[in-house]
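First residue of the sequence shown: 17, per the working numbering; consecutive thereafter. Even for Gly, the Cβ is constructed at its ideal location relative to N, Cα and C.
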Amino acid sequence: MLLISLVTTTSAPLVSSANVQRERQTKAQTAKPTPSPVAPPVSVATPSPSPSPSANPIASPTPALVKTSTPTRSVAELQTRITEILRKPELESAMVGIKVVSLDTGRTIFEENATKLLRPASNMKIYTVATALDRLTPDFRFNTSVYARSKPDSSGVVRGDLTIYGRGDPSIAARFNNGDYVKGIDELASRIVSAGVKRVEGDLVGDETYFVGPQYGSGWEWEDLTWYYGAEVSALTANDNALDLFVKPGPDIGKAAIVTTGPPDPLLTIENQVVTAPKGTRRRISVYRGLGEDKVTVSGTIPIDDRGYTGGIGISHPSLLFVYLLRSSLTQKGVVITGKSRMTGSVDPTMLSAGVTMNLMNGTVTSAAPSGQVEITSMQSPPFSVIAAQTLKPSQNLYTELILRTLGKVVPPQTPSDEERQTSEDLGLEAVKGFLKNTGIRPESLVLSDGSGLSRNDMITADASVQLLTFMSKHRYADAFRDALPIAGVDGTLRNRLKNTPAENNLRAKTGSLSSAASLAGYVTTAARERLVFSIMVNNYPSDVEPRVACIDPIAVLLASFSGRSE
Numbered sequence: 017m018l019l020i021s022l023v024t025t026t027s028a029p030l031v032s033s034a035n036v037q038r039e040r041q042t043k044a045q046t047a048k049p050t051p052s053p054v055a056p057p058v059s060v061a062t063p064s065p066s067p068s069p070s071a072n073p074i075a076s077p078t079p080a081l082v083k084t085s086t087p088t089r090s091v092a093e094l095q096t097r098i099t100e101i102l103r104k105p106e107l108e109s110a111m112v113g114i115k116v117v118s119l120d121t122g123r124t125i126f127e128e129n130a131t132k133l134l135r136p137a138s139n140m141k142i143y144t145v146a147t148a149l150d151r152l153t154p155d156f157r158f159n160t161s162v163y164a165r166s167k168p169d170s171s172g173v174v175r176g177d178l179t180i181y182g183r184g185d186p187s188i189a190a191r192f193n194n195g196d197y198v199k200g201i202d203e204l205a206s207r208i209v210s211a212g213v214k215r216v217e218g219d220l221v222g223d224e225t226y227f228v229g230p231q232y233g234s235g236w237e238w239e240d241l242t243w244y245y246g247a248e249v250s251a252l253t254a255n256d257n258a259l260d261l262f263v264k265p266g267p268d269i270g271k272a273a274i275v276t277t278g279p280p281d282p283l284l285t286i287e288n289q290v291v292t293a294p295k296g297t298r299r300r301i302s303v304y305r306g307l308g309e310d311k312v313t314v315s316g317t318i319p320i321d322d323r324g325y326t327g328g329i330g331i332s333h334p335s336l337l338f339v340y341l342l343r344s345s346l347t348q349k350g351v352v353i354t355g356k357s358r359m360t361g362s363v364d365p366t367m368l369s370a371g372v373t374m375n376l377m378n379g380t381v382t383s384a385a386p387s388g389q390v391e392i393t394s395m396q397s398p399p400f401s402v403i404a405a406q407t408l409k410p411s412q413n414l415y416t417e418l419i420l421r422t423l424g425k426v427v428p429p430q431t432p433s434d435e436e437r438q439t440s441e442d443l444g445l446e447a448v449k450g451f452l453k454n455t456g457i458r459p460e461s462l463v464l465s466d467g468s469g470l471s472r473n474d475m476i477t478a479d480a481s482v483q484l485l486t487f488m489s490k491h492r493y494a495d496a497f498r499d500a501l502p503i504a505g506v507d508g509t510l511r512n513r514l515k516n517t518p519a520e521n522n523l524r525a526k527t528g529s530l531s532s533a534a535s536l537a538g539y540v541t542t543a544a545r546e547r548l549v550f551s552i553m554v555n556n557y558p559s560d561v562e563p564r565v566a567c568i569d570p571i572a573v574l575l576a577s578f579s580g581r582s583e
């Protein structure tokens with residue numbers, strides 16, 4: 017059972033527990049409900065300046081950055097300034113691993129504890145996405161198929177079940193459809209209608225058996241699983257396998273608040289125990305959902321003058337919601353379905369290859385139809401380069417886990433004889449490790465548990481991240497990788513950070529944040545136009561210390577304003 021309590025003030029809603037990755041917290045910083053569990057993109061490489069409920073970092077205070085932004089003119093001076101930041105009293109009990117290298121000269125400009133294993137948080141995502149770009153290519157597309165026992169007859173009748181077979185496409189979501197919850201589902205429904213289907217004399221089935229293994233990442237903590245950033249991993253996903261939860265005050269003091277979700281979920285039961293409180297009182301909202309349950313209890317109080325709370329919650333059995341939404345769309349288009357809506361799935365590792373044979377051809381996973389089935393129609397995702405940006409910029413956990421499991425299905429395992437004894441996650445991690453061997457990273461520099469970094473068991477070194485980033489800077493898909501990273505002061509999890517500094521619209525890097533782990537790794541160009549690669553990881557700091565303000569962002573500004581050369 018999951019129990020997460022959110023305590024808020026009148027002016028700011030409460031975020032989830034302390035163990036939440038900050039750049040992936042429940043989106044409640046603005047009271048105005050926004051379409052979400054994903055925000056609309058603004059370009060191929062820029063997911064959204066205002067995602068919900070994806071990234072919402074706390075902007076770094078300008079005064080702290082201005083103080084450290086005086087340009088340094090020599091490597092020795094730069095090293096001294098970085099050391100001064102790392103010796104701040106508030107960081108005395110923390111562990112900081114850092115490495116800075118010039119991409120132009122190859123010189124190591126600064127390093128400290130660079131070979132210490134530290135929790136990377138969402139820096140883990142660059143390892144998964146880099147592997148996928150290399151193994152799948154930027155042109156790879158996820159494919160969702162619609163199967164039946166036979167094609168529709170001349171009257172448009174499908175005799176038997178109509179099965180939607182998912183292969184991990186994350187793009188059937190509002191984020192990819194200008195904030196529209198149902199547009200992706202509607203497109204699939206339109207394709208079914210265009211294939212001649214007018215009546216289904218059977219069930220509408222959501223098949224999520226493409227991936228095998230538990231629906232959560234290894235090492236995820238129970239308190240993450242209520243929220244959108246801990247959403248279930250399913251081969252058939254819709255709207256990030258999450259719902260927006262909206263809480264607004266009722267009409268009068270003492271009356272029940274108004275609790276709704278976006279999109280509406282016919283499978284979810286909401287027990288509303290939120291009471292409208294007098295003006296000026298504190299907002300206190302608690303959300304409770306049992307693991308695997310389709311019931312959520314929302315309790316607490318909300319002031320009558322409150323503009324409203326918005327949060328993102330994960331859903332149970334997302335493939336079943338997919339089918340319900342699809343059925344609604346098909347019905348609106350005149351398709352009659354005589355049977356029920358249901359799902360089929362398996363977490364049995366021995367079923368890893370059952371029923372479907374996968375191949376990678378022309379950037380798309382193709383498969384033979386399950387036994388006795390024919391493909392009625394299919395739908396492809398946008399190119400992987402687009403999905404990579406929608407993964408790294410907002411730090412989207414589910415997408416990363418879908419990518420990892422897709423690698424496990426598409427990339428041949430290092431030991432084929434073990435394939436049937438491993439989950440899709442296991443095989444995905446093997447694919448990542450196989451790719452990293454090509455980068456020169458030592459195996460002992462990595463402890464991999466999941467693909468997204470939500471696991472507290474992941475550990476990497478600053479040296480390993482710099483090696484990976486250096487390798488990717490020379491990779492044939494270097495531009496796609498670089499374009500997928502958040503840009504300081506512009507988009508993604510960096511959109512509110514490093515503004516009005518030399519790093520703004522310059523530094524491109526992946527953020528990371530857990531309750532006791534913060535990180536930043538990427539690229540920056542100095543004032544002298546020298547290209548640097550860096551990794552900064554801070555672990556085990558006191559709860560009242562904000563490492564982005566204390567050291568990460570000030571060091572980033574120092575690097576961007578460095579006017580010397582590393583030669």
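Can you give the beta carbon distance from residue i to residue j, rounded, assuming they're within the 8 Å contact cut?
i: residue 407; j: residue 141; result: 7 Å
i: residue 471; j: residue 235; result: 3 Å
i: residue 227; j: residue 398; result: Going by Cβ atoms, the distance from residue 227 to residue 398 rounds to 20 Å, so no, they are not a contact pair.
i: residue 487; j: residue 147; result: That belief does not hold up - the Cβ atoms of residue 487 and residue 147 are roughly 11 Å apart, past 8 Å.
i: residue 163; j: residue 143; result: Contact flag wrong, Cβ pair sits at about 34 Å.
i: residue 102; j: residue 548; result: Not really, about 17 Å apart at Cβ, beyond 8 Å.
i: residue 425; j: residue 508; result: With a Cβ gap of about 28 Å, residue 425 and residue 508 do not count as contacting.
i: residue 258; j: residue 329; result: 6 Å
i: residue 530; j: residue 184; result: Contact doesn't hold; Cβ gap of about 25 Å is too wide.
i: residue 229; j: residue 440; result: 5 Å
i: residue 396; j: residue 159; result: 5 Å
i: residue 217; j: residue 175; result: 5 Å
With burial defined as no fewer than 16 other Cβ atoms inside 10 Å of the residue's Cβ, what is the status of residue i: buried or exposed?
i: residue 516; result: exposed
i: residue 348; result: exposed
i: residue 585; result: Residue 585 is absent from the structure shown; the chain starts at 17 and stops at 583.
i: residue 350; result: exposed
i: residue 267; result: exposed
i: residue 390; result: exposed
i: residue 248; result: buried
i: residue 292; result: buried
i: residue 86; result: exposed
i: residue 179; result: buried
i: residue 282; result: exposed
i: residue 59; result: For residue 59, the predicted model reports a pLDDT of 29, less than 50, meaning its position is unreliable; a value from the coordinates is still stated below. Exposed is the call here.
i: residue 121; result: exposed
i: residue 541; result: buried
i: residue 494; result: exposed
i: residue 37; result: Its pLDDT being 43, under 50, residue 37 is placed unreliably in this model, and the value from its coordinates should be taken loosely. Label assigned to residue 37: buried.
i: residue 79; result: Bear in mind that the predicted position of residue 79 carries a pLDDT of just 38, short of 50, making it unreliable; the figure below should be weighed with that in mind. When all chains shown are included, residue 79 counts as exposed.
i: residue 108; result: exposed
With distances taken from CA atoms, which of the options is nearest residue i?
i: residue 496; options: 303, 136 and 403; result: 403
i: residue 150; options: 453, 114 and 350; result: 453
i: residue 411; options: 501, 558 and 217; result: 501
i: residue 393; options: 120, 196 and 209; result: 209
i: residue 2; options: 116, 220 and 283; result: No information on residue 2 is available, as it lies outside the stretch 17 to 583 that the chain covers here.
i: residue 503; options: 529, 563, 539 and 530; result: 539
i: residue 276; options: 288, 269 and 270; result: 288
i: residue 657; options: 307, 274, 153 and 483; result: Limits of the chain in this structure are 17 at one end and 583 at the other, which puts residue 657 out of reach.
i: residue 468; options: 492, 232, 556 and 413; result: 413
i: residue 270; options: 307, 498 and 317; result: 317
i: residue 528; options: 252, 137, 274 and 300; result: 137
Enumerate in chain order the residues of its own chain whose CB-to-CB distance from residue i is below 6 Å, with the five nearest sequence positions on each side excluded.
i: residue 285; result: 311
i: residue 359; result: 222, 335 and 336
i: residue 95; result: 126
i: residue 297; result: 319
i: residue 463; result: 475
i: residue 445; result: 464
i: residue 88; result: 94, 97 and 578
i: residue 554; result: 110, 112, 534 and 563
Looking only at its own chain, which residues have a Cβ that is under 8 Å from the Cβ of residue i, when we skip the five neighbours before and after it?
i: residue 552; result: 112, 113, 114, 478, 535, 536, 537, 567, 568, 571 and 572
i: residue 129; result: 111, 112, 113, 114 and 478
i: residue 214; result: 168, 171, 172, 173, 350, 351 and 352
i: residue 423; result: 144, 147, 148, 151, 152, 443, 444, 447 and 448
For residue i, which residues of its own chain have a beta-carbon under 7 Å away from its beta-carbon, when the five flanking residues on both sides are left out?
i: residue 98; result: 126, 571 and 574
i: residue 205; result: 342, 345, 346 and 349
i: residue 295; result: 319, 320 and 321
Can you find at least 3 beta carbon pairs, one from the region 316-333 and one from the region 262-272, that sit closer than 8 Å?
yes
The region 521-529 / the region 453-464 touching (three or more Cβ pairs under 8 Å)
no
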